[in-house]
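To start, the structure itself, in structure tokens.
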């Protein structure tokens, strides 16, 4: 699948992560627009499964949200837990289109565009969930020990 999902806005707040953007260099099938999903895949975590959330398209635009608490793995894990973010049509059994911000002239977003983290508490464990740009300008989410 060619193209990517170009981010316009990233809103990490109120226990959720909201992503707004549009498809770039990919023409979706109009009949599938309502069934697209935001897919988060765990990086390097054996046995972890992808998390999927509704991300219906409005033409080429998407606006999707997910609860950040879902990204904190159940049971013990070795921090950080890393999740890669994708946008996928219903017939795509792979990852789909990578979500990122490639079309602006800002390079090195990983060091200059820092998003706030949100605390998630489970029992006596507090974790910090924070979206970030990778060195390839794609969006990922990390889960780290909180304060």
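Numbering (this note's numbering), first residue to last: 5 to 151. Glycine residues also receive a C-beta, built at the ideal position from the N, C-alpha and C atoms.
Separation of residue j from residue i, as counted between CA atoms
{"i": "residue 103", "j": "residue 81", "result": "25 angstroms"}
{"i": "residue 58", "j": "residue 39", "result": "7 angstroms"}
{"i": "residue 107", "j": "residue 142", "result": "11 angstroms"}
{"i": "residue 24", "j": "residue 66", "result": "6 angstroms"}
{"i": "residue 33", "j": "residue 129", "result": "44 angstroms"}
{"i": "residue 116", "j": "residue 151", "result": "23 angstroms"}
Inter-residue CB distance, residue i and residue j (contact presumed, cutoff 8 angstroms)
{"i": "residue 27", "j": "residue 9", "result": "6 angstroms"}
{"i": "residue 76", "j": "residue 133", "result": "7 angstroms"}
{"i": "residue 105", "j": "residue 136", "result": "Rounded, the Cβ-Cβ distance is 12 angstroms, inconsistent with contact."}
{"i": "residue 85", "j": "residue 46", "result": "7 angstroms"}
{"i": "residue 149", "j": "residue 71", "result": "That belief does not hold up - the Cβ atoms of residue 149 and residue 71 are roughly 20 angstroms apart, past 8 angstroms."}
Given residue i as reference, the closest of the options once Cα atoms are compared
{"i": "residue 36", "options": "92, 15 and 136", "result": "92"}
{"i": "residue 15", "options": "126, 84 and 122", "result": "122"}
{"i": "residue 44", "options": "87, 63 and 64", "result": "87"}
{"i": "residue 78", "options": "62, 126, 64 and 69", "result": "126"}
{"i": "residue 119", "options": "111, 101 and 146", "result": "146"}
{"i": "residue 162", "options": "139, 64 and 114", "result": "Absent from the model: residue 162. The displayed extent of the chain is 5 to 151, so no value can be given."}
{"i": "residue 41", "options": "69, 114, 124 and 17", "result": "69"}
Residue i (DSSP reduced to helix, strand or coil)
{"i": "residue 59", "result": "coil"}
{"i": "residue 85", "result": "strand"}
{"i": "residue 109", "result": "coil"}
{"i": "residue 72", "result": "helix"}
**Length at least 3, wholly inside the stretch 10-50: the beta strand (DSSP E) runs in chain order** = 20-28 and 41-46
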